[in-house]
Amino acid sequence: MKKSVFSLALLALMSLVLVSCPSAKQEESGKILRVGMINPNAKLDMHLYQWSDLMSISDHVVQPLFAYDDNLNVVPLLTTDYPVISEDGRLYTFTLKEGITFHDGSPMTSADVQFLFQRMFDASVSGQIAIASGSYDMIVGSKELMNGTASGDLRGFTIIDDRTFSIELEMPFAPFIQNLAMSYAGIISKNAYLNTADKESWGISTLIGSGPYTFKQYHHKDGVTLLANEHYWGGFRPAIDQLNFHFFDDPTTALLEYESGNIDIVELTMDKYEEYSSGRFASHIQKKDILGTYMIIVSFTNSPFSDVKVREAFAYALDRDLIVEQVYKNILDKNDNFLPKGIPGRNPNVKLPAYNPEKAKQLLNEAGYPNGIDIEASFRTGNQTRRQLWTLIQAKAKDAGFNITAREMDIGQHTELSNKGELIMQDAGWIASFPDADDLMYTFFHSSWSHLKSSNLKNDRVDELLDTARQSTDPEARRLMYEEVEQIVVGDNYAVYPYANIKKIYLVQPRVQNPVFLNGIGQYWMSDLKE
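FYI, in mature numbering (1 follows the signal peptide of the UniProt record, and there is no 0) the residues of the sequence shown are -24 to -1, 1 to 507.
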């Protein structure tokens, strides 16, 4: 399979870095936690990606202003307290804690925080706008920087002194502080980044943050090595000396390494759950509910799915009950909603139809496809569960008039095409960072950002509701607006086809103490190993 230019360039750069790095299999000492994961073939730069596996690595090195506690409530991390907010809800004033230092020994200042947003919105800084910039585009001046109608410093960010700064919003935005706790808002050293000769190597050979672990090396095949920060500003040294994130091309190999005792933590795929839950590793299994939804996404442009009758027909061609039963072994619950349980705005009246191939063929005939329709779907490689999912979807949809060709591609290529809005049909799992509907809906369905998921939805009423809900400080009004959005995008327009909630299943060796999996993101700085 031909790789994209991006993927080839990234692999070439990683290969060059490998020459200058010590082997990932070098002699090691101290307490070492070994985490297995599928090779992301991606840089450790949350400016570029929205993957929880990358967050599980990067969050140990790079920190945002705020953090989430075990209940996903926001707590200050780098700031002395919560911000002072003006009466109109538009101006936020923050103060950094004293003594925060980056891994190169330099102090964190307001200028570093300003640089986070400058790099996020200004493509001239690093070559592209940040993938999650839609979560912060309410900051004054952000849209002008992104569309190129302005240059220079971000207008909405004011440096008051080295530790004090303010951020001005175009409008009140209730979950703004929650957004500042996401991995995308991690603060890197401005000087370290600007002094890196090859900016493309950031996140591969260089990554300077303020976290409890420092970046040691990135090996494009073996994985990532992080070391405990001996001078962590937070006042403690992690008990685990070294974190090794081992990359694998397929989950089966990772599981075999776990069985051999070479890996401490690995995700257990659904296709292997029955085998492991009844075997000698049954007591190692940990199940974690995730604030997220599995779904099928179709494109509204350049595809037959631009016709609502075709989209409705596919709703009848998708056997969601069988997917949950056969692919996910009834471990997951069938789901009709885009929003997960626990998020205000989840519409209890949204219901997708049950599998009905005859109804699907009738609708296709009405749409002008009496002989059925050919569709190309795409999914990420390295996951047997996804292969099983698409095999089942293909078989059941064929009986309903949809002839689906499912194309498997590497993660980098799939992400690039999805972000360009070029995928006709794909499966996805979308996880909320915190329980607010804006976090999921705005960057998924607003016409400014829907291309990033290849939905390409453009609906004036949806845009109006999402924009208005962002400005509202009335929880009940926001809930009703998000319920209407969900009715429009799922119940009326079939923009997405949710089929199950998300649950992560891990195998964890008994020697690992206090592993934290916060909504699908591994956090090991408070963990320990029993030797």
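Just so it is clear, CB atoms sit at the ideal spot from N, CA and C, and this is done for glycine as well.
Next item on the list: Spatial neighbours of residue 263 within its chain, please: CB distance less than 7 Å, with the 5 preceding and 5 following residues excluded, ordered by chain position.
Entry: 479 and 481
Checklist line | C-alpha gap between residue 403 and residue 382, whole angstroms | finding: 11 Å
Check: Cα-Cα, which of 90, 435 and 128 is closest to residue 71?
Finding: It is 90 whose Cα lies nearest to the Cα of residue 71.
Next item on the list: Out of 430, 376, 388 and 267, state which residue places its alpha-carbon closest to the alpha-carbon of residue 416.
Entry: For residue 416, the closest C-alpha among the options 430, 376, 388 and 267 is that of 267.
Check: Do residue 40 and residue 114 have their C-beta atoms within less than 9 Å of each other?
Finding: no
Item checked: Start-to-end residues for the beta strand (DSSP E) that takes in residue 265 -> Start and end: 261 to 274.
Next item on the list: Identify whether residue 406 lies in helix, strand or coil by the three-state DSSP scheme.
Entry: strand
Notebook entry, point to check: In chain order, which continuous runs of the beta strand (DSSP E) of length 3 or greater are located wholly inside the stretch 131 to 199?
Noted result: 133 to 135, 140 to 144 and 189 to 195
Notebook entry, point to check: Can the beta-carbon of residue 22 be found less than 9 Å from the beta-carbon of residue 32?
Noted result: no
Next item on the list: State the Cα-Cα distance for the pair residue -2 and residue 196, rounded to the nearest angstrom.
Entry: At residue -2 the pLDDT is 39, less than 50, meaning the model places this residue with poor confidence and gives no usable figure here.
Notebook entry, point to check: Terminal residues of the continuous beta strand (DSSP E) containing residue 222?
Noted result: Taken as a continuous stretch (DSSP letters only), the beta strand (DSSP E) holding residue 222 covers 218 to 224.
Item checked: Within the stretch 414 to 499, ranges of the beta strand (DSSP E) (whole runs, at least 3 residues) -> 472 to 484, 492 to 494 and 497 to 499
Next item on the list: For residue 66, write down the residues that DSSP places opposite it in a beta bridge.
Entry: According to DSSP, residue 66 bridges with nothing at all.
Next item on the list: Can you say whether residue 412 is buried or exposed, counting buried as having 16 or more other CB atoms within 10 angstroms of its CB?
Entry: buried
Check: So residue 249 is in the alpha helix (DSSP H); what residue range does that whole segment cover?
Finding: 246 to 253
Check: Between which two residues does the alpha helix (DSSP H) carrying residue 292 extend?
Finding: 284 to 293
Next item on the list: Measure from the alpha carbon of residue 441 to the alpha carbon of each residue in 321, 13 and 117, then state which is nearest.
Entry: 321
Item checked: residue 504 to residue 214 span [Cα, whole Å] -> Distance between the alpha carbons of residue 504 and residue 214 is about 8 Å.
Checklist line | Residues near residue 138 by beta carbon distance below 7 Å, same chain, minus five either side | finding: 85 and 86
Note to self: Using the three-state DSSP reduction, which class does residue 320 fall into: helix, strand or coil?
What the structure shows: coil
Check: In chain order, what residues of the same chain lie with their CB nearer than 7 Å to the CB of residue 179, ignoring the 5 residues before and after it?
Finding: 19, 20 and 21
Next item on the list: Would you mind sorting residue 221 into buried or exposed? The rule is 16 or more other CB atoms within 10 Å of its CB.
Entry: By the neighbour-count rule (16 or more Cβ atoms within 10 Å), residue 221 is buried.
Notebook entry, point to check: Closest by CA to residue 154, which one among 188, 49 and 246?
Noted result: 49
Next item on the list: Identify whether residue 82 lies in helix, strand or coil by the three-state DSSP scheme.
Entry: coil
Check: What is the DSSP secondary structure of residue 401, counted as helix, strand or coil?
Finding: Three-state DSSP puts residue 401 in a strand.
Check: Out of 338, 296 and 319, which has the shortest C-alpha to C-alpha gap to residue 289?
Finding: 338
Checklist line | Straight-line Cα distance separating residue 217 from residue 200 | finding: 14 Å
Margin query: Within a Cβ cutoff of 6 Å, which residues of the same chain sit near residue 152, ignoring the five residues on either side of it in sequence?
Written below: none
Check: residue 105: which of 25, 82, 253 and 277 sits nearest, CA to CA?
Finding: 25
Notebook entry, point to check: So does the stretch 370 to 380 actually touch the stretch 420 to 427, counting three or more Cβ pairs closer than 8 Å?
Noted result: no
Check: Is the beta carbon of residue 435 less than 9 Å from the beta carbon of residue 464?
Finding: Contact flag set, yes.
Notebook entry, point to check: For residue 354, does the count of other Cβ atoms within 10 angstroms reach 16, so buried, or fall short, so exposed?
Noted result: Classification of residue 354: buried, given that the 10 Å Cβ count is 16 or more.
Notebook entry, point to check: In this structure, what does DSSP give as the bridge partners for residue 337?
Noted result: None; residue 337 has no bridge partner.
Notebook entry, point to check: Are there 16 or more other CB atoms within 10 angstroms of the CB of residue 136, so buried, or fewer, so exposed?
Noted result: exposed
Item checked: Residues near residue 43 in its chain [Cβ-Cβ closer than 6 Å; skip 5 each side] -> 51, 53 and 157
Check: Taking buried to mean at least 16 other C-beta atoms within 10 Å of its own C-beta, is residue 29 buried or exposed?
Finding: buried
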